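Asks:
Residue numbers (the working numbering): 5 to 746.
1) So which of 152, 485, 407 and 523 has the shortest CA-CA distance to residue 453?
2) Quick check on the burial criterion: 16 or more other C-beta atoms within 10 angstroms. Buried or exposed for residue 632?
3) Residue 308 by DSSP, collapsed to three states: which one?
4) Using CA coordinates, which residue listed in 457, 459, 261 and 474 is at the minimum distance from residue 465?
5) Can you tell me where the beta strand (DSSP E) holding residue 392 begins and where it ends?
6) Since I believe residue 550 is in contact with residue 575 (beta carbons under 8 Å), could you give me their beta-carbon distance rounded to a whole number of angstroms?
7) What are the boundary residues of the beta strand (DSSP E) that residue 156 is part of?
8) Skipping 5 residues on each side, what residues in its chain have a beta carbon closer than 7 Å to that of residue 273?
9) Compare the beta carbon distance of residue 588 and residue 613 with 8 Å and say whether it is the shorter of the two.
10) How about residue 675 and residue 646: do their beta carbons lie closer than 8 Å?
11) How would you label residue 86, buried or exposed, when you count the other beta carbons within 10 angstroms and need 16 or more for buried?
12) Using 8 Å as the cut-off, can you tell me whether the segment 134-141 makes contact with the segment 88-99, which would need three or more C-beta pairs spanning the two stretches below that distance?
13) Per DSSP, what kind of secondary structure is residue 689 in: helix, strand or coil?
14) Under 8 Å, do residue 763 and residue 310 count as touching if we go by C-beta distance?
15) Is DSSP giving residue 108 helix, strand or coil here?
16) Could you give the distance in angstroms between the alpha-carbon of residue 46 and the alpha-carbon of residue 82?
17) Report, in whole angstroms, the separation of the C-beta atoms of residue 432 and residue 441, which I expect to be a contact under 8 Å.
18) Between residue 532 and residue 582, is the Cβ-Cβ spacing less than 8 Å?
19) Using CA coordinates, which residue listed in 534, 615 and 435 is at the minimum distance from residue 513?
20) Let me know the secondary structure DSSP gives residue 189 once reduced to three states.
21) Who are the Cβ neighbours of residue 568 in its own chain at under 6 Å, not counting the five residues just before and after it?
22) On a CA-only basis, which of 456, 444 and 429 is nearest residue 437? Give me that one, please.
23) Please name the residue or residues paired with residue 435 in a DSSP beta bridge.
24) CB-CB under 7 Å to residue 505, same chain, minus the five flanking residues each way: which ones, in chain order?
25) Can you find the residues in the same chain that come closer than 6 Å, C-beta to C-beta, to residue 536, ignoring five residues on each side of it along the sequence?
26) With a CB to CB cut of under 6 Å and the five nearest residues on each side skipped, what residues in its chain are close to residue 10?
27) Any idea if residue 717 is buried or exposed, counting beta-carbon neighbours within 10 angstroms, 16 or more meaning buried?
28) Which residue's Cα is closest to the Cα of residue 282: 271, 265 and 364?
29) So is residue 731 buried or exposed if we call it buried at 16+ other beta carbons inside 10 Å?
30) Under the rule that 16 or more other beta-carbon atoms within 10 Å means buried, what is residue 556, buried or exposed?
31) Under DSSP, the beta strand (DSSP E) around residue 165 begins and ends at which residues?
32) If we require 4 or more residues per run, which alpha helix (DSSP H) segments fall completely within the segment 354-392?
33) Mind checking residue 2: buried by the 16 CB within 10 Å criterion, or exposed?
34) With DSSP as the reference, please indicate the residues paired to residue 258 in a beta bridge.
35) Check whether the Cβ of residue 645 lies closer than 7 Å to any heavy atom of the ligand ZN, and answer yes or no.
36) With respect to the beta strand (DSSP E) encompassing residue 403, which residues constitute its N-terminal and C-terminal limits?
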């Protein structure tokens, strides 16, 4: 597992998600058809022909074979002896085109068995992989000639040398971008060539991977088999490579093809299995082949089955599939998922049908959406409200019925002398005073409050909600929620403030200093601005202006100052305790003569202050995040992180570090770890971490925030805190950053 590196003032996050695969060793529904010619060694080449049959190459038999979906095999001997045909594809002219690796030719055969052969200009070039290009020509690789070439339907060949010698190009496929993509077996690269011959190469991540087969996937990316290192690779048309390890060790994946189910299917030459991988890296593997049959080439047949060649077994194999379709019925809504992760069906999802191996059990699970009830299955041999197990050989349709619950009323009222709006998700509530809406019983409704420019939102009541974060209500009965808004003053000028650090712990008689900033957000000059304590603590207080560029003290202590329009003024202030007191969230009045005080926001413009008659730890903490002042969570279930650097200006102490969201009830979880000098977690992140911080010593921490819902951009209230408590449970240090979804 990769480590997450954090430093005090720089955050580097690397979230790597790979769905772990698992192996299905039980025999799948594999049917095998023996080739008429003994020891013909069909290898790599198999494709669906224009006549609805499968066509394949017989490397040692020197023939082109045809097999109907019913299993009838016909063979057509090549005109040139010992030519060793290997790759095959249907051309734009309705014929089959194939490569003769030893014969050094490209062959063409009609669906009735009539041949033409065209010599490759480069001697002993070893033509191998073939595919149809977007330009209507057949493109092929020259394994020995180290070239990518094309042949027109009329038989004219053009060759394009690769940039580096000895690359051994092998597999080739058309990409979603209209270019040709190929593998370099010895060069360990994936190549791209335009239809006019411009070549670009991308190095495979794992060294000596020996990429063989390549195919275009349902997501527009190309997928390739890494023969030597037991991986399936994925490359976007921009060249970004991801690798997925095949569950069976040393299986030697060789060829790969897009299936009918939105997945990629591949052969395991040594593993003697047929594998399947999803675009996100989830694996299934199927056995049931003749022992040591050496499956190599694979393709999607006209019957939606996967057809493959068994080189040592001298057979053509088929893995038959069926389509399972889930329909949603009833007045309600919900989600249906499958045990094999291929069905994920809801009103907002199109993943309601997929292909499965015949007789391979698939378990469907229905989950009702909030406000709905699952009432039962129809079809697929299922009924009742439990899980539905489908074992089928033909296309099957299953319906999941959901019923909408009776509706209940949610009412929202406004309180206080301020103003603002309340909205809901799902929609229905949107008002500034009083409104109501009906929702299905059992629905989970999230209310969000936004204060007007002249007000602040101070909290919820009713519905089980409190604080200033989002209000989440589960509607089992009629419910009323109240949102309180208070005016933050009137006038032409408004001010905001911030404090850093937000926590100090000192001995009696020792000044607890911190910095503050007042920002004039109004259209005019804020006059005679001062800082005074708003919370009573047994301490003297003083403030003085500073130079914001140098933090050097300026002016005269406790002297009001004017702040121009749009400007910010920095200060240093100090509380000098005259008696001991417990940690107190000490509010300050940041006020100007022509403006109301700045809104008081805990963790932003307050100071958590404590004093003792004996030495105590004083953990000064500063936070740093990738987006200054914010942790951003991508989407509903996004994750983010920030770093915290601390210094203990007090006494040596055992400290417990933890993270929380303060008074806000946010849909997030917070984990913390202590980090080393390189920014690495010293232990797995947990809800808290215990450590000893010596006097004048530093310590660094990483906090990880995982979302489980949308967090509105309300930096005054939606914040994540890092807190540092001593053995007696007293908070001796804290810092915070805002959190939001993006």
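The C-beta atom is built at its ideal place from N, Cα and C for all residues, glycine as well.
Being a predicted model, the structure only gives us computed values, none of them experimental.
Replies: In short, the structure shows the following:
1) As a working note, residue 453 is residue 449 in the chain shown. Residue 485 is the option with its Cα nearest to residue 453.
2) The count along the chain shown starts at 1 and reaches residue 632 at position 628. Residue 632 counts as exposed, since fewer than 16 other beta carbons sit within 10 angstroms of its beta carbon.
3) As a first step, residue 308 is located in the chain shown; it is residue number 304 there, counting from the start. Residue 308: coil per DSSP, three-state reduction.
4) Against the chain shown, residue 465 aligns to sequence position 461. Residue 474 is the option with its Cα nearest to residue 465.
5) Indexing the chain shown from 1 puts residue 392 at position 388. Run containing residue 392: 392-394, per the beta strand (DSSP E) assignment.
6) Counting from 1 along the chain shown, the entry for residue 575 is found at position 571. Counting from 1 along the chain shown, the entry for residue 550 is found at position 546. Confirmed, Cβ separation roughly 6 Å.
7) The count along the chain shown starts at 1 and reaches residue 156 at position 152. According to the DSSP assignment, residue 156 belongs to no beta strand (DSSP E), since it is labelled neither H nor E.
8) By one-based count along the chain shown, residue 273 stands at place 269. Counting only Cβ-Cβ distances below 7 Å, and skipping sequence neighbours, we find 256, 258, 298, 299 and 300.
9) One-based indexing of the chain shown puts residue 588 at position 584. One-based indexing of the chain shown puts residue 613 at position 609. Yes, the Cβ-Cβ distance between residue 588 and residue 613 is below 8 Å.
10) Taking the chain shown and counting its residues from 1, one reaches residue 675 at position 671. Taking the chain shown and counting its residues from 1, one reaches residue 646 at position 642. Going by C-beta atoms, residue 675 is not nearer than 8 Å to residue 646.
11) Residue mapping note: residue 86 aligns to position 82 of the chain shown, counting from 1. Result: exposed.
12) yes
13) Taking the first residue of the chain shown as position 1, residue 689 is located at position 685. Of the three classes helix, strand and coil, the one that applies to residue 689 here is coil, per DSSP.
14) The question about residue 763 has no answer here: the residues shown for the chain are numbered 5 through 746.
15) The residue given as residue 108 occupies position 104 in the chain shown. Three-state result, residue 108: coil.
16) The sequence position of residue 46 within the chain shown is 42, counting from 1. The sequence position of residue 82 within the chain shown is 78, counting from 1. Rounded to the nearest whole angstrom, the C-alpha separation of residue 46 and residue 82 is 14 Å.
17) Here residue 432 is taken as the residue at index 428 of the chain shown, counted from 1. Here residue 441 is taken as the residue at index 437 of the chain shown, counted from 1. Your pair residue 432 and residue 441 checks out as a contact, with CB atoms roughly 3 Å apart and the cut at 8 Å.
18) Taking the first residue of the chain shown as position 1, residue 532 is located at position 528. Taking the first residue of the chain shown as position 1, residue 582 is located at position 578. Not a contact, by the Cβ cut-off of 8 Å.
19) As a first step, residue 513 must be located in the chain shown, where it is residue number 509. Out of 534, 615 and 435, 615 has the C-alpha closest to the C-alpha of residue 513.
20) Residue mapping note: residue 189 aligns to position 185 of the chain shown, counting from 1. If DSSP states are grouped into helix, strand and coil, residue 189 belongs with coil.
21) Along the chain shown, read from residue 1 onward, the residue named residue 568 stands at position 564. These residues qualify, in order along the chain: 529.
22) Indexing the chain shown from 1 puts residue 437 at position 433. Checking every option, the nearest Cα to that of residue 437 belongs to 456.
23) Sequence index remark: in the chain shown, residue 435 carries index 431 (1-based). Residue 435 is bridged to 426.
24) By one-based count along the chain shown, residue 505 stands at place 501. The answer, listed in chain order, is 518, 624, 625, 626 and 739.
25) Within the chain shown, residue 536 is the residue found at index 532, counting from 1. 593.
26) Walking along the chain shown from the start, residue 10 turns up at place 6. Residue placement at residue 10 cannot be trusted, given a pLDDT of 28 that sits under 50; the coordinates are not used to answer.
27) As a position in the chain shown, residue 717 is number 713, starting the count at 1. A residue is called buried once 16 or more other Cβ atoms fall within 10 Å of its Cβ, and residue 717, having fewer, is exposed.
28) For the purposes of this step, residue 282 is taken as residue 278 along the chain shown, with counting starting at 1. Per the Cα distances, 265.
29) Here residue 731 refers to the residue found at position 727 of the chain shown. Per the 10 Å Cβ criterion, exposed.
30) Working through the chain shown from its first residue, we reach residue 556 at position 552. Residue 556 is exposed by the Cβ-count criterion.
31) The count along the chain shown starts at 1 and reaches residue 165 at position 161. Annotation for residue 165: the continuous beta strand (DSSP E) segment containing it runs 161-165.
32) none
33) Because the chain spans 5 through 746 in this model, residue 2 falls outside it and cannot be assessed.
34) Translated into the one-based positions of the chain shown, residue 258 becomes position 254. Paired residue(s): none; residue 258 is not in a bridge.
35) Ligands in the displayed structure: none, and consequently the ligand ZN is not present.
36) Working through the chain shown from its first residue, we reach residue 403 at position 399. From DSSP, the beta strand (DSSP E) with residue 403 extends over 400-408.
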